[in-house]
Amino acid sequence: MFAEKGYTSLSMRKIAKELGVTTGTLYHYFNSKEDIFRQLTEQISQENIEASSKMTSPSLTFEERLDSFLHFIKGYEGRWMQTMLILMEVIRSESFENKECYTSYNREVERHIDWTANYLQVEDKESVRYLLLLLQGIIFHRYLGGSAVSIDKQLEIVKGIFTGYIKQKSS
Numbered sequence: 001m002f003a004e005k006g007y008t009s010l011s012m013r014k015i016a017k018e019l020g021v022t023t024g025t026l027y028h029y030f031n032s033k034e035d036i037f038r039q040l041t042e043q044i045s046q047e048n049i050e051a052s053s054k055m056t057s058p059s060l061t062f063e064e065r066l067d068s069f070l071h072f073i074k075g076y077e078g079r080w081m082q083t084m085l086i087l088m089e090v091i092r093s094e095s096f097e098n099k100e101c102y103t104s105y106n107r108e109v110e111r112h113i114d115w116t117a118n119y120l121q122v123e124d125k126e127s128v129r130y131l132l133l134l135l136q137g138i139i140f141h142r143y144l145g146g147s148a149v150s151i152d153k154q155l156e157i158v159k160g161i162f163t164g165y166i167k168q169k170s171s
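Read left to right, the sequence shown gives residues 1 to 171 (the UniProt record's numbering).
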């Protein structure tokens, strides 16, 4: 709903109407639109971690884990883009000045970084942070229609860059 209608254009009354519940019922479960956003962020994060956790196999090499992770990203490209659009709108809104929203968002980002670092078995979390930023940039660039290069080729390049960096750091 946030992606379709826009975060700033939705009020608690409009959210309740879209959900087919009374405003009072919605307020019974959520104190504010920001509270809904925080819980939605946590839910999306948990769903992503649960879905990607199915990829785990202790016998995979680093390259196989990275391939598996990038394949997962490719499969969830649309959802990642939708999530990023919501986040960009929220960040621009006054609500993001709300410390709780900011803290909740950052906590979920760190959760993704921790999970990805653990999955890839990479100790350098900053390199994982930049891997995720690079992937977000690619997805956003593709959304804007700025690439004639296939997603497979782009992910192959990312794999080469990240694998090379990790191998260099471990030497």
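Glycine included, C-beta positions come from ideal geometry on N, C-alpha and C.
Every value quoted in this text rests on a predicted model; they were computed, and no experiment measured them.
{"query": "What is the DSSP secondary structure of Tyr27, counted as helix, strand or coil?", "result": "helix"}
{"query": "Between Thr163, Lys153, Ala16, Thr83, which has its C-alpha nearest Glu4's C-alpha?", "result": "Thr83"}
{"query": "If you follow the alpha helix (DSSP H) that Leu131 is in, where does it begin and where does it stop?", "result": "125-143"}
{"query": "Go ahead and label Val90 buried or exposed: buried means 16 or more other beta carbons lie within 10 angstroms of its beta carbon, across all protein chains shown.", "result": "buried"}
{"query": "Using a Cβ-Cβ cut-off of 7 Å (strictly less than) and excluding sequence neighbours within five positions of Val122, which residues of its own chain qualify?", "result": "Val128, Ile166"}
{"query": "Using the three-state DSSP reduction, which class does Gln121 fall into: helix, strand or coil?", "result": "coil"}
{"query": "Kindly indicate which residue of Phe72, Lys169, Ser59 has the alpha-carbon position closest to the one of Lys125.", "result": "Lys169"}
{"query": "So the alpha helix (DSSP H) Ala16 belongs to, where does it begin and stop?", "result": "12-19"}
{"query": "Tell me the DSSP secondary structure of Gly6 in three-state form.", "result": "coil"}
{"query": "Would you check if the distance between the CB atom of Thr41 and the CB atom of Tyr105 is smaller than 7 Å?", "result": "yes"}
{"query": "With a 10 Å radius around its C-beta and 16 neighbouring C-beta atoms as the bar for buried, classify Ile161 as buried or exposed.", "result": "exposed"}
{"query": "Could you tell me the distance, in whole angstroms, from the CA atom of Ala114 to the CA atom of Ser171?", "result": "The sequence shown places Asp at residue 114, not Ala. Going from the Cα of Asp114 to the Cα of Ser171 covers about 23 Å."}
{"query": "Within a Cβ cutoff of 7 Å, which residues of the same chain sit near Lys74, ignoring the five residues on either side of it in sequence?", "result": "Ile151, Leu155"}
{"query": "If you drop the 5 nearest sequence neighbours on each side, which residues of the same chain put their C-beta closer than 7 Å to that of Glu108?", "result": "Thr41, Glu42, Ser45"}
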